[in-house]
Structures are given as structure tokens and as C-alpha cells.
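Asker: In the numbering used here, the protein residues as written are 1 to 314.
From the three backbone atoms N, C-alpha and C, an ideal C-beta is built for every residue, glycine too.
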């Protein structure tokens, strides 16, 4: 271990070694100020030759060869899925290659449904079209990073993804498809709607899907939108809480817990005891969706409590 002491003030390493490579360091990137790549002479490539030598001695020539070849195979498979995305029926939007894979790198755009007419690989985009498309990938990258789904950098014209298979040992073809589906489905619809509004407004069908949170535009970031859906509004009018909104479980659960606490106080029961009761029932209930199971059990408990209480569940 060594240390260099100087009197030049802050920023010396960045001033000496930084190149501000545009394909690596973007201002739009989440936590970009924490990227130390421009502080060292080797950027992101640390002096790891000893680690590579140890890994080589540990796993041998054949295993090391397999890892490299598998990384290349995964990149080619990703390119194939991307190329066929508009015909496969797996995605609501489509993906478009920037160019054929180079080694284990795949560069591509994600085109949301509202911009489906754009062909960025042709380079024939108007300034307005280029501006709209350039918003999409930074949005997707930011949301995926915050969700902990994947970290894929972006760069170049109109901001395309640059996907590098750096550690493919445990990565499968299914993982490749899952990441593309996450980009297509799990990015909040509100984010892509921002781009859609710049493209002349949302269509009636798109608005309906956003309201009902139906695939292929259903966001998973339910913490960020607690607007009542059509089903919530219908439930509040009819008093039927047995059909919670498919797209906003969290908001429904919060309202239910608030009512449960009020009912428990009114009838003099212990709130924690009630939680244990319906938690056991939820665990025993066989259901593919644990959120729906938990909410269904909560509704049952609310109904049974309200029967003996002067408070109404709905």
C-alpha cells in the first residue's frame, strides 16, 4: 500500500487522468459524480493481472475458454432476440440494434410503442424525433438502477444501451430475455408517457391501459403512483373490497391497514394480534400472487370485524 501526499488541493487526480470519455461518463447518469473512472490512469481497468493469474490457475485453460466463449454466445443471442423483438410478440415496444455485436458488447435502442415509427439505425431522424428518442434510454437506465434490476450503460447518438457481458458465468439465455422484458415492462409507464406526450399526446387506448395498469404497460413501481384505478373507484361506490386493484396493491393495502387499526381500536382488540391472525391465514392460502393473498385475507378479517362493530368496512 502506498500514499502520495500533495499540496495542489482537490481534483488533482481528475485533472491529471480524466478524459471525460462521452461513452462512459454522462451527466444524465444516476450518481455519475461517484464514478471514479476518471480519477485513475487506467480508468475502470484496475491492475488485476494477479487476480486473473490466480483464476486461471484455479479453473484451468478449458474453464477460462468456456467463460469467454459463453460471453460471446450470450451477446450473439441477445442480438438475435433484439433483432426479432418486433415479430416475437414478447414485447410491447421493440428493440433495434445499433450495430452487430463486437466481442461481448451489444449496442441497441429501446423504442417504446409511441415512437415505433422511428428507425434510429438509419440516422434519418428529425431534431424533434432525436430529442424524444434520446429521453427514453436514460429514463430506462435510471429506473432499472433504482429498482436493482440491472446496470447497463448508455452512450452514442440518440442514447443507445451498451450491454457488456462482463461476468457471464451464471448468466443464462433466460436472464437475457428477462432483462429485455424488464426494460419493456417494468419501467414505469409514467416515464414513457412523458415521451409520448411530447409525441402529440396519449392515444385513448394507451390512456385506458395506463389507468388499468394492464400489460404491456403495467408499472411495477406502485410506490410512485397511488392514484385510484377504475376498480378502486367502483369498489368505493359499491362497498365491495374483495376485488382490489390489480395495479395498486400498496395503496389498497395502506387503506385497509388504516381501517383495520381503527376497527381494532373500536372493538378493543390488540392490533398486533390481528396482524398475526391474518398473516397466518395468508401464509396458509395457496395463491400464486402473495400480495393478492395477503389482501384477500385482510379483507376477510375486515369483514368479520365490521360485522360486530359500529364501523363499516367500506
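Count the other CB atoms within 10 Å of the CB of residue 159; is the residue buried (16 or more) or exposed (fewer)?
Answerer: Reading the chain shown from its first residue, position 159 is the one you call residue 159. It counts as buried.
Asker: Nearest by alpha-carbon distance to residue 319: which of 150, 40, 9, 3 is it?
Answerer: Any property of residue 319 remains undetermined from this structure, which presents the chain solely from 1 to 314.
Asker: Using a 10 Å radius around the Cβ and a threshold of 16 neighbouring Cβ atoms, would you call residue 94 buried or exposed?
Answerer: For the purposes of this step, residue 94 is taken as the residue at position 94 of the chain shown. By the 10 Å Cβ count, residue 94 comes out buried.
Asker: Please report how far the alpha carbon of residue 169 lies from the alpha carbon of residue 127, in whole angstroms.
Answerer: On the chain shown, residue 169 is found 169 positions in, with the first residue counted as 1. On the chain shown, residue 127 is found 127 positions in, with the first residue counted as 1. If you take the alpha carbons of residue 169 and residue 127, they lie about 42 Å apart.
Asker: Could you tell me whether any Cβ in chain C is nearer than 7 Å to the Cβ of residue 182?
Answerer: The structure shown contains no chain C; it is built from a single protein chain.
Asker: Does DSSP put residue 10 in a helix, a strand or coil?
Answerer: Taking the first residue of the chain shown as 1, we reach residue 10 at position 10. Looking at residue 10 - three-state DSSP - the assignment turns out to be coil, as it is neither helix nor strand.
Asker: How many Å lie between residue 14 and residue 7 at the Cα?
Answerer: Taking the chain shown and counting its residues from 1, the one referred to as residue 14 is at position 14. Taking the chain shown and counting its residues from 1, the one referred to as residue 7 is at position 7. Computed Cα separation, rounded: 15 Å.
Asker: Going by the beta-carbon positions, is the gap between residue 109 and residue 120 smaller than 7 Å?
Answerer: Sequence index remark: in the chain shown, residue 109 carries index 109 (1-based). Sequence index remark: in the chain shown, residue 120 carries index 120 (1-based). In this structure, residue 120 lies closer than 7 Å to residue 109 by Cβ.
Asker: Near residue 64, what residues of its chain come up, given a Cβ to Cβ distance below 8 Å and the 5 sequence neighbours on each side ignored?
Answerer: What you label residue 64 is simply residue 64 of the chain shown in a count that begins at 1. Cβ neighbours of residue 64 beyond the five flanking positions: 55, 56.
Asker: So residue 176 and residue 74 are supposed to be a Cβ contact under 8 Å. How far apart are they, rounded?
Answerer: Within the chain shown, numbered from 1, the residue matching residue 176 stands at position 176. Within the chain shown, numbered from 1, the residue matching residue 74 stands at position 74. The Cβ separation is near 6 Å, so the contact holds.
Asker: Among 165, 146, 84, 131, which has the Cα closest to the Cα of residue 186?
Answerer: Residue mapping note: residue 186 aligns to position 186 of the chain shown, counting from 1. For residue 186, the nearest C-alpha among the options comes from 146.
Asker: Going by DSSP in three states, residue 157 sits in which element: helix, strand or coil?
Answerer: To locate residue 157, count along the chain shown from 1; it is residue 157. Three-state DSSP puts residue 157 in coil, outside helix and strand.
Asker: Considering only C-alpha positions, which residue in the set 163, 91, 182, 142 is nearest to residue 77?
Answerer: Locating residue 77 in the chain shown gives position 77, counting from the first residue. It is 163 whose Cα lies nearest to the Cα of residue 77.
Asker: Measuring only the C-alpha atoms, how far is residue 129 from residue 52?
Answerer: Translated into positions along the chain shown, residue 129 becomes position 129. Translated into positions along the chain shown, residue 52 becomes position 52. So the two alpha carbons sit approximately 45 Å from each other.
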